[in-house]
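Worksheet for the structure shown next.
Number of protein chains: 2
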Amino acid sequence: MSEDELRHQRKMARRKEVQDAEVAAKTIESKGLLIVHTGPGKGKSTAAFGLILRALGHDWRVGVVQFGKGGWETGERRALERFGDKVSWHTLGEGFTWETQDRARDLAAAARAWDKTLELLADETIKLLVLDELNIALRYEHLPLDEVVATLGRRRPDLHVVVTGRNARPELIASADLVTEMGAVKHHFAAGVKAQAGIEF
Amino acid sequence: MSEDELRHQRKMARRKEVQDAEVAAKTIESKGLLIVHTGPGKGKSTAAFGLILRALGHDWRVGVVQFGKGGWETGERRALERFGDKVSWHTLGEGFTWETQDRARDLAAAARAWDKTLELLADETIKLLVLDELNIALRYEHLPLDEVVATLGRRRPDLHVVVTGRNARPELIASADLVTEMGAVKHHFAAGVKAQAGIEF
Numbered sequence: 000m001s002e003d004e005l006r007h008q009r010k011m012a013r014r015k016e017v018q019d020a021e022v023a024a025k026t027i028e029s030k031g032l033l034i035v036h037t038g039p040g041k042g043k044s045t046a047a048f049g050l051i052l053r054a055l056g057h058d059w060r061v062g063v064v065q066f067g068k069g070g071w072e073t074g075e076r077r078a079l080e081r082f083g084d085k086v087s088w089h090t091l092g093e094g095f096t097w098e099t100q101d102r103a104r105d106l107a108a109a110a111r112a113w114d115k116t117l118e119l120l121a122d123e124t125i126k127l128l129v130l131d132e133l134n135i136a137l138r139y140e141h142l143p144l145d146e147v148v149a150t151l152g153r154r155r156p157d158l159h160v161v162v163t164g165r166n167a168r169p170e171l172i173a174s175a176d177l178v179t180e181m182g183a184v185k186h187h188f189a190a191g192v193k194a195q196a197g198i199e200f
Numbered sequence: 000m001s002e003d004e005l006r007h008q009r010k011m012a013r014r015k016e017v018q019d020a021e022v023a024a025k026t027i028e029s030k031g032l033l034i035v036h037t038g039p040g041k042g043k044s045t046a047a048f049g050l051i052l053r054a055l056g057h058d059w060r061v062g063v064v065q066f067g068k069g070g071w072e073t074g075e076r077r078a079l080e081r082f083g084d085k086v087s088w089h090t091l092g093e094g095f096t097w098e099t100q101d102r103a104r105d106l107a108a109a110a111r112a113w114d115k116t117l118e119l120l121a122d123e124t125i126k127l128l129v130l131d132e133l134n135i136a137l138r139y140e141h142l143p144l145d146e147v148v149a150t151l152g153r154r155r156p157d158l159h160v161v162v163t164g165r166n167a168r169p170e171l172i173a174s175a176d177l178v179t180e181m182g183a184v185k186h187h188f189a190a191g192v193k194a195q196a197g198i199e200f
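Each protein sequence line maps, in turn, to chains B and U. Just so you know, numbering that gives the first Met the number 0 puts 128 at position 129 of the first sequence, and the rest follows in order with no gaps. Just so you know, numbering that gives the first Met the number 0 puts 127 at position 128 of the second sequence, and the rest follows in order with no gaps.
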């Protein structure tokens with residue numbers, strides 16, 4: 000091992016000590032988190048589906064509202080059928096204005112999806128609620144940002160909510176507990192490979 | 000809608016046209032991808048578990064080798080038990096040097112995990128192979144980087160491989176088809192909330 004490697008390992012060991020001290024200082028045992036997955040890279044919805052899998056492993060009930068078209072998630076939907084009514088899945092979006100150029104339709108779809116969200120927020124059997132592509136509906140002002148942020152802020156103390164989609168609004172980020180930005184470092188589409196089953200959908 | 004919003008929507012519509020033309024120009028129908036999830040943020044392993052869920056929805060068999068401790072993934076493991084032998088899961092890491100300060104043990108664990116990887120790479124029933132935290136083993140030179148990159152490069156043409164962990168080596172990124180960097184924008188640990196079941200494990 001080189002000098003550089005040794006130095007790095009010592010640094011890591013010190014960082015671990017600092018982290019352990021930080022963990023020991025934490026006082027809040029548990030809290031329903033508002034989690035945001037945003038950024039231009041892949042993995043925003045996929046990481047949310049990974050959280051669904053984890054939650055199901057703990058026997059939680061999970062709600063999913065898709066504000067986008069959701070035509071692609073055939074793989075996840077079929078896999079989640081194994082968990083029966085542990086998953087309450089609702090695809091209510093129909094695509095967005097830059098595809099349809101029909102703002103009235105977009106507004107109606109977003110309103111339907113938000114109504115379903117309110118219903119699931121009130122369902123005390125649900126412990127994780129995924130609002131897939133809600134960020135897009137907020138970006139295009141299909142829903143009132145203030146109302147959405149305030150409503151999510153008033154969620155039950157033990158309910159975790161995950162919001163996905165590019166261009167998360169700053170007001171939502173300010174209100175969130177955990178925000179991850181997925182950055183695209185390299186993408187196979189640029190090399191001419193088509194979207195394929197099992198990876199993209 | 001404001002002028003700014005209208006301008007943005009027109010820009011999005013144009014971008015969509017460009018994307019459609021790009022999709023039409025793609026010529027490679029399918030290819031087993033080398034996917035890397037790296038960066039300091041959350042979601043690297045979780046997005047890999049989301050890909051596992053998608054793959055299972057397509058009736059694929061999936062392999063998982065954990066180069067890290069993997070003590071946390073109780074939720075995913077239990078959920079995946081529903082899929083029986085569709086998932087071949089192996090936790091062979093024991094933690095890393097900055098915790099154990101025992102390099103010989105780390106090297107032995109990495110070698111065992113790599114042997115299992117070679118076995119799963121040769122298993123033609125597997126279509127998705129997740130090498131969780133392999134980046135860490137490469138970062139600390141627990142495995143020869145050249146051999147790992149070359150071996151993954153020689154994978155079957157229809158096998159998808161996902162490598163997770165911080166600090167992906169540039170040589171692996173160069174060889175990958177799809178690289179996503181998870182950036183930490185905001186983290187609830189900083190606000191004193193402890194790691195909790197269903198979200199962190």
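Cβ atoms here follow ideal geometry from the backbone N, Cα and C, with glycine treated the same way.
Contact annotation for GLY152/U against chain B: no contact, minimum CB-CB distance about 14 Å [criterion: below 8 Å].
Take ALA107/B, set aside five residues on each side of it, and no residue of its chain has a beta-carbon closer than 7 Å to its own. Ranked by how close their Cα comes to the Cα of ARG165/U, the residues GLN8/U, ARG6/U, LYS43/U and LYS10/U have LYS43/U in first place. For SER174/B, the enclosing alpha helix (DSSP H) starts and ends at 169-174. Burial state of LEU117/B is exposed, judged by a 10 Å Cβ sphere holding fewer than 16 other Cβ atoms. For VAL147/B, the enclosing alpha helix (DSSP H) covers residues 144-152. Closer than 8 Å at the C-beta level to chain B, one finds these residues of the segment 163-177 of chain U: ILE172, ALA175, ASP176 and LEU177. From the beta-carbon of PHE48/B, the residues of chain U found nearer than 9 Å are THR45, ALA46, PHE48, GLY49, LEU50, LEU52 and ARG53. Contact between GLN65/U and ASP131/U is confirmed by a C-beta separation of about 5 Å, below the 8 Å threshold. At a cut-off of 8 Å between beta-carbon atoms, TRP59/U makes contact with chain B.
Within a 10 Å sphere around the beta-carbon of GLY152/U sit fewer than 16 other beta-carbons, which makes this residue exposed.
Taken through DSSP and simplified to helix, strand or coil, GLN65/U comes out as strand. With a cutoff of 8 Å on beta-carbon distance, GLY31/B and LEU171/B are scored as not near each other. If you draw a 10 Å sphere on the C-beta of ARG60/U, you find 16 or more other C-beta atoms in it, and that means buried. Of the candidates GLU140/B, ASP122/B and LEU128/B, GLU140/B places its Cα closest to the Cα of ALA109/B. Interface annotation, ALA103/U: not in contact with chain B, CB-CB separation never under 8 Å. Contact with chain U is found for GLU180/B, since one of that chain's Cβ atoms lies less than 8 Å from the residue's Cβ. In the DSSP assignment, LYS115/B falls within the alpha helix (DSSP H) that extends over 102-120. Residue state for LEU91/U is assigned as coil, using DSSP reduced to three classes. With fewer than 16 neighbouring CB atoms inside 10 Å of its own CB, ALA173/U falls in the exposed class. The beta-carbon separation of GLY197/U and HIS36/B, rounded to 17 Å, does not stay under the 8 Å limit for a contact. Here DSSP, grouped into helix, strand and coil, assigns ALA194/U to coil.
When C-alpha distances from LEU120/U are compared across LEU137/U, VAL147/U, ALA103/U and ASP101/U, the shortest belongs to VAL147/U. DSSP places GLY49/B in the uninterrupted alpha helix (DSSP H) bounded by 43-56.
Annotated as distal: ALA175/B and ILE51/B, with beta-carbon spacing of 8 Å or more.
LEU133/B places its beta carbon less than 8 Å from that of VAL162/B.
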